[in-house]
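Just below is one structure, and these are the notes that go with it.
2 protein chains.
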Amino acid sequence: MTKGKDTKETILISALSIVSQSGLEGLSIGKLAQTVGLSKSGLFAHFNSLENLQLAVLQKAVDIFIETVIVPALKQPRGEPRICAISKNLFEWDRKFSGGCPFFSISAELDDKPGVVRDFLVSTQKDFVSTIANMAQIAITEGHFRKDLNPQQFAYDFYAIVLCHHHFDRLLNDPLAQNYYLNAFKALIKNSH
Amino acid sequence: MTKGKDTKETILISALSIVSQSGLEGLSIGKLAQTVGLSKSGLFAHFNSLENLQLAVLQKAVDIFIETVIVPALKQPRGEPRICAISKNLFEWDRKFSGGCPFFSISAELDDKPGVVRDFLVSTQKDFVSTIANMAQIAITEGHFRKDLNPQQFAYDFYAIVLCHHHFDRLLNDPLAQNYYLNAFKALIKNSH
DNA sequence: GACTAATACGAACGATCGTACTATTATTTT
DNA sequence: AAAATAATAGTACGATCGTTCGTATTAGTC
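Protein chains in written order, with the working numbering: chain C, 64 to 256; chain H, 64 to 256.
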C-alpha cells in the first residue's frame, strides 16, 4: 500500500525533471521507465495512460510550486512584502529544475492542443495570475501601492518580466538576465507607488 | 529548376503553419507530406534530413518576419516612431499564423536541446533584441528618450510585454490580453521619456 | 504460514517516426 | 526529338511510441 506511493513519488520527480528539460513531448513512458529502473509496463500500470501521467506530473509541479513559492510568501506581511517574497521565491523555484520552470516549458506546446492537460495548465496559470492580482489589490488597500493602480495590469506586468527572465536566461543564455529582471521588478514596484 | 523552388515554397508555408500550432515536435515529414500532397520520400528529397527541413522553416520564418515587421518599421523616422511601428507590426506578424508566432512556439522546446536548430533560433532572437536596443539607442540620440535610459534594459522590457501578450492571448485566452499589452507599452514609452 | 491484493515484468500489437534505397515520371537542356 | 537532369513515388529498414495482456513476484492481512 505504501510501496506504490513511494515509487509513484520517485516516478513523478524523475518525470518533472524530464518535463522541465524537454517539455511534455520529451516525456515518454519507455524513457521514464528506464530512468527510474522500471519496466515500461510496470510504470504504465501506475497511471494507466500517458495523459494521466502528464496530469499527475503537473499536479506534482503545482504542489511543489505552492510549497516553494506561495506558502512562504503568505508568511510575510500583507501587501508589498508578499509580492517581493514571490519574486524572490521564484528564483528558488527555478533552481529546483535543471531545465527551468516546467510550466514555462510546456506552455508553448500546449497552447494549441486542446485537452484536459491543457485545461489543467491554463487553470493553474490563471490561479497564479489571480494570486498576484489579489496581492496587488491588498497592497493598494494597505497603502503600499497607489489607489488608481490596476491590479490585473500589475499582474500582467509582473508575469511579463518573469517570463522574459526565463527566456533570456534559458534560451538566450544572457548572463545579464537576472540584472534585467531585478531592474524591471524594481521599476515595476516604484511605478506602483 | 523552377518547379522545385515552387513546391519547396509550398512545403515551407505549410510547415510554418504546423510549427506555429504544434512547434517543431509537431512537424513530421510524413504528416507534412500528406498536407501538401506529396509522398514522404518525395518531400524528404527536398531537404535530405529533418534537421535541414527545420532550419529551412526557421529561415523562411525569419524572411517573413523581416519583411512584415522590420522593413516597414525602417521606413518610419529614426527613433521612437520606429519602435512604435515594430510594436504595431508585431500584431500583423502574429496574425499571419494560426498558432501564433512560430518563434515563440519553439523557444521553450529548444531551450535545453543543443544543436544547429537551437543555435539558429538563438541567433535570430538575439538579433531581434539587438535591433530593439539599437532603436532605443537611436531614440536617445534623437532626443525622444531620456539620456540615462539603458537601451538593453529597454529591449528586455519590451520583449517582456510582447512575450506576455502571446502568453495571455494564446494560452490563457484572456480577452483583455491586447489591452494589457497596449497599456504596458504606453507605460514603457512614457517611462523612457 | 496461507491467502489476497498490490506491484512489476515480458512479450507483443499496430502505428508512426526518420532515413535509405531504387524506380519512375516530369522537366529542362542540348 | 534525344539526352540529361530534376522531381516524385514506392518500398523497406530499424527504432520508438502508447497500450494491452497474461504472468510472475512481492507485500500486507488474517
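Just so it is clear, CB atoms sit at the ideal spot from N, CA and C, and this is done for glycine as well.
Everything numeric in this text was worked out from a predicted model, so none of it was measured.
Are three or more beta carbon pairs between the segment 109-117 of chain H and the segment 68-86 of chain H nearer than 8 Å?
-> yes
Chain H within 9 Å of Arg209 of chain C, Cβ atoms only = What you label residue 209 of chain C is simply residue 146 of the first sequence in a count that begins at 1. Not closer than 9 Å to any Cβ of chain H, the Cβ of Arg209 of chain C fails to qualify, so no.
Contact check, Gly93 of chain C vs Glu172 of chain C, beta carbons under 9 Å = Locating residue 93 of chain C in the first sequence gives position 30, counting from the first residue. Locating residue 172 of chain C in the first sequence gives position 109, counting from the first residue. For Gly93 of chain C and Glu172 of chain C, no; Cβs fall outside 9 Å.
Is it buried or exposed for Val192 of chain C, if we count other Cβ within 10 angstroms and need 16 for buried?
-> As a position in the first sequence, residue 192 of chain C is number 129, starting the count at 1. Buried.
What residue range is occupied by the uninterrupted alpha helix (DSSP H) comprising Cys147 of chain H?
-> Along the second sequence, one-based indexing puts residue 147 of chain H at 84. Note, Cys147 of chain H: alpha helix (DSSP H), 143-158.
Which residues in the same chain as Ala202 of chain H place their Cβ atom closer than 7 Å to its Cβ, once the five residues preceding and following it in sequence are excluded?
-> The count along the second sequence starts at 1 and reaches residue 202 of chain H at position 139. Excluding sequence neighbours, Ala202 of chain H sits near Gly142, Glu143, Ile146, Phe208.
Output, in chain order, the set of chain H residues within a Cβ distance shorter than 7 Å of Ile224 of chain C.
-> The count along the first sequence starts at 1 and reaches residue 224 of chain C at position 161. Near Ile224 of chain C (Cβ distances below 7 Å), the residues of chain H are Ala223.
What does a CB cutoff of less than 7 Å around Ser102 of chain H pick up in its chain, not counting 5 residues either side in sequence?
-> Against the second sequence, residue 102 of chain H aligns to sequence position 39. Hits under 7 Å: Ala96.
Excluding the 5 residues preceding and the 5 following Ala119 of chain H in the sequence, name in chain order all residues of the same chain whose CB lies nearer than 7 Å to its CB.
-> Counting from 1 along the second sequence, the entry for residue 119 of chain H is found at position 56. The residues are Leu75, Phe110.
By the criterion of Cβ-Cβ separation under 8 Å, what are the contact partners of Lys176 of chain C in chain H?
-> Position 113 of the first sequence, counted from the first residue, corresponds to residue 176 of chain C. Going along chain H in sequence order, the residues near Lys176 of chain C (Cβ under 8 Å) are Ser85.
For Asp69 of chain H, which option in H:Leu106, H:Leu90, H:Gln84 has the closest C-alpha, if you only look at C-alpha atoms?
-> By one-based count along the second sequence, residue 69 of chain H stands at place 6. If we check each option's Cα against that of Asp69 of chain H, H:Leu106 comes out closest.
Tell me, please, whether the CB atom of Gly162 of chain H is closer than 9 Å to any CB atom in chain C?
-> As a first step, residue 162 of chain H is located in the second sequence; it is residue number 99 there, counting from the start. Chain C, which has a Cβ nearer than 9 Å to the Cβ of Gly162 of chain H, makes this yes.
Could you give the DSSP three-state label for Asp220 of chain C: helix, strand or coil?
-> Here residue 220 of chain C refers to the residue found at position 157 of the first sequence. Three-state DSSP puts Asp220 of chain C in a helix.
In angstroms, rounded to a whole number, what distance separates the CA positions of Ile149 of chain H and Ile133 of chain H?
-> Mapped onto the second sequence, residue 149 of chain H falls at position 86. Mapped onto the second sequence, residue 133 of chain H falls at position 70. Near 7 Å, if we compare the C-alpha coordinates of Ile133 of chain H and Ile149 of chain H.
Using a Cβ-Cβ cut-off of less than 9 Å, give me the residues of the segment 67-82 of chain H that come near chain C, in sequence order.
-> none
Nonlocal neighbours in the same chain, by C-beta distance under 8 Å from Ser83 of chain C, ignoring five residues either side | In the first sequence, counting from the first residue as 1, residue 83 of chain C sits at position 20. Correct list, in chain order: Phe160, Ser161, Gly162, Gly163, Cys164, Pro165, Ser168.
With respect to the alpha helix (DSSP H) encompassing Thr187 of chain H, which residues constitute its N-terminal and C-terminal limits?
-> In the second sequence, the residue the question calls residue 187 of chain H occupies position 124. Where Thr187 of chain H is concerned, the enclosing alpha helix (DSSP H) stretches over 179-204.
Within-9 Å CB hit, Phe167 of chain H to chain C = For this step, residue 167 of chain H is matched to residue 104 along the second sequence. Yes, Phe167 of chain H lies at the interface with chain C (some Cβ there is under 9 Å from its Cβ).
Nearest CA to the CA of Leu121 of chain H: which residue from H:Arg181, H:Thr131, H:Leu245?
-> For the purposes of this step, residue 121 of chain H is identified with residue 58 of the second sequence, where counting begins at 1. Nearest of H:Arg181, H:Thr131, H:Leu245 to Leu121 of chain H, Cα basis: H:Arg181.
Nearest-angstrom Cα distance between Asn254 of chain C and Leu251 of chain H?
-> Translated into positions along the first sequence, residue 254 of chain C becomes position 191. Translated into positions along the second sequence, residue 251 of chain H becomes position 188. If I take the Cα positions, the gap works out to 11 Å.
Under a CB-based cut-off of 9 Å, is Asp256 of chain C close to chain H?
-> Taking the first residue of the first sequence as position 1, residue 256 of chain C is located at position 193. According to the sequence shown, residue 256 of chain C is His rather than Asp. False, the Cβ-Cβ gap to chain H never drops below 9 Å.
By Cβ distance below 7 Å, which residues in the same chain neighbour Phe183 of chain C in space, the five residues on each side in sequence not counted?
-> Taking the first residue of the first sequence as position 1, residue 183 of chain C is located at position 120. For Phe183 of chain C, where only same-chain residues beyond five positions count, the Cβ hits under 7 Å are Leu118, Leu121.
So what does DSSP say about Cys227 of chain C, is it helix, strand or coil?
-> Within the first sequence, numbered from 1, the residue matching residue 227 of chain C stands at position 164. Helix, per DSSP.
Beta-carbon contacts of Asp175 of chain H that lie in its chain and below 7 Å, excluding the five residues immediately before and after | Residue 175 of chain H sits at position 112 when you count from the first residue of the second sequence. Excluding positions up to five away in sequence, the list is empty.
Using a Cβ cut-off of 7 Å, pull out every chain C residue sitting near Asp220 of chain H, in sequence order please.
-> Here residue 220 of chain H corresponds to residue number 157 of the second sequence, with the count starting at 1. Going along chain C in sequence order, the residues near Asp220 of chain H (Cβ under 7 Å) are Ala247.
Cβ distance (whole Å) where Ala218 of chain C is taken to contact Ile195 of chain C below 8 Å = In the first sequence, residue 218 of chain C corresponds to position 155, counting from 1. In the first sequence, residue 195 of chain C corresponds to position 132, counting from 1. The pair is a contact, with the Cβ atoms about 4 Å apart (cut-off 8 Å).
State the DSSP-derived secondary structure class of His109 of chain H, mapped to helix, strand or coil.
-> Locating residue 109 of chain H in the second sequence gives position 46, where the first residue counts as 1. Helix.
Minimum C-alpha distance to Leu239 of chain H - residue among C:His230, C:Gln139, C:Leu137, C:Gln215 | Counting from 1 along the second sequence, the entry for residue 239 of chain H is found at position 176. The shortest C-alpha separation from Leu239 of chain H is found at C:Gln215.
Own chain partners of Asp190 of chain C with C-beta closer than 6 Å, once the 5 adjacent residues on each side are dropped = Here residue 190 of chain C refers to the residue found at position 127 of the first sequence. Around Asp190 of chain C: no qualifying Cβ.
Compile a chain-ordered list of the residues in the segment 231-243 of chain H whose CB is closer than 8 Å to at least one CB of chain C.
-> Phe231, Arg233, Leu234, Leu235, Asn236, Leu239, Tyr243
How is Asn236 of chain H classed by DSSP in three states: helix, strand or coil?
-> Translated into the one-based positions of the second sequence, residue 236 of chain H becomes position 173. The answer is coil: DSSP assigns Asn236 of chain H none of H, G, I, E or B.
When the cut-off is 9 Å and only beta carbons count, does Val125 of chain H lie next to chain C?
-> Position 62 of the second sequence, counted from the start, is the residue given in the question as residue 125 of chain H. Chain C contact via Cβ: absent.
Could you give the distance in angstroms between the alpha-carbon of Ser186 of chain H and the alpha-carbon of Leu245 of chain H?
-> Walking along the second sequence from the start, residue 186 of chain H turns up at place 123. Walking along the second sequence from the start, residue 245 of chain H turns up at place 182. Taking the straight line from one Cα to the other gives about 28 Å.
Spatial neighbours of Val99 of chain C within its chain, please: CB distance less than 6 Å, with the 5 preceding and 5 following residues excluded, ordered by chain position.
-> As a first step, residue 99 of chain C must be located in the first sequence, where it is residue number 36. Thr73, Ile74, Ser77.
Following the continuous alpha helix (DSSP H) through Gln139 of chain H, name the residue where it begins and the one where it ends.
-> Along the second sequence, one-based indexing puts residue 139 of chain H at 76. Per DSSP, Gln139 of chain H belongs to no alpha helix (DSSP H) and is neither H nor E.
For Phe166 of chain C, which of helix, strand or coil comes out of DSSP?
-> If you number the first sequence from 1, residue 166 of chain C lands on position 103. DSSP places Phe166 of chain C in helix when its eight states are reduced to three.
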